[in-house]
Amino acid sequence: MTTYTYYTASTLDGFLADDNDSLDWLLTQPIDDDGPFSIDDLMASTGAIVMGRTTYQWVVDHLARTGEAWPYAAYPTFLFTHDDGADVVDESITVVSGSPAEHREQLEAAARDRGVWVVGGGDLAAQFAESAMLDELIVSFAPAAVGSGRPLFPRAFDFQLLETARNKAFMIGRYRVIGARG
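Position in the sequence shown (first residue = 1) + 473 = my numbering.
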């Protein structure tokens, strides 16, 4: 059975990015790439990736600034957007629109009995949860606050804390999705 995991980082005040979609707060924090809940651990069990348009655009812009290539070329990536004219930077990217449930079969076929990494943003992760297609959240909380911006999870949901760890500056929690509140 395919599992869906929202793996992300957040500020202590619950934001993925500030009002300008900046992740400067994240890029200045120390982390051990081989430490607990590393990206390599996640990728070892990942078969497909999904992300929203804002997250995708941030990644593309960041890669353009650093001169790096698309880092997920080995994984089928699904870009959820309302923009039919979205430019893709790699042949591994498929542009889709609509609800996650409309694409479940395609996502799970692409994942080949491995997991689906819901990169974000928070609104997309919440849409997956509302479609009963989000099993876990793994959130690395950084010792920073930005005051406002893109929320970690913009819907009323309950979660069960399963595990915690520390990776240098980050406090990490792994949560099971219980369901919508009320």
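Ideal Cβ positions, reconstructed from N, Cα and C, are used throughout, including at glycine.
All figures in this text were calculated on a predicted structure; none of them were measured in a lab.
At 4 residues or longer, and completely inside the stretch 488-534: list those alpha helix (DSSP H) runs for me, N to C. 497-500 and 512-517
Arg-587 - DSSP class collapsed to helix/strand/coil: coil
Beta strand (DSSP E) containing Ala-482: first to last residue? 477-484
With a CB to CB cut of under 6 Å and the five nearest residues on each side skipped, what residues in its chain are close to Leu-496? Ala-490
Please report the residue range of the alpha helix (DSSP H) in which Glu-541 lies. No alpha helix (DSSP H) holds Glu-541; DSSP gives it neither H nor E.
Given Ala-598, which residues of its chain have a CB within under 8 Å of its CB, disregarding the five upstream and five downstream residues? Tyr-479, Thr-481, Val-591, Leu-607, Leu-610 and Phe-626
Residue environment, Ile-512, which counts as buried when at least 16 other CB atoms sit within 10 Å: exposed
Where does Gln-600 land, buried or exposed, given buried means 16+ other C-beta within 10 angstroms? buried
Find the nearest neighbour of Asp-596 within the set Glu-578, Ser-613 and Phe-630, judged by alpha-carbon distance. Phe-630
Out of Tyr-545, Thr-528 and Thr-484, which has the shortest C-alpha to C-alpha gap to Gly-594? Thr-528
Just to confirm my understanding: we take Ala-638, look at its own chain, exclude 5 residues before and 5 after, and list those with CB closer than 7 Å. What are they? Pro-509, Phe-510 and Ile-645
Starting from Phe-601, trace the alpha helix (DSSP H) in both directions and tell me its first and last residue. 595-603
Just mark Thr-539 as buried or exposed, buried being the case when its beta carbon has 16 or more other beta carbons within 10 Å. exposed
Can you tell me whether Pro-624 is helix, strand or coil according to DSSP? strand
How far does the beta strand (DSSP E) with Arg-649 in it extend, from its first residue to its last? 643-653
Among residues of its own chain, excluding the 5 on either side of Thr-476, which ones have a beta-carbon nearer than 6 Å to its beta-carbon? Gly-588 and Asp-608
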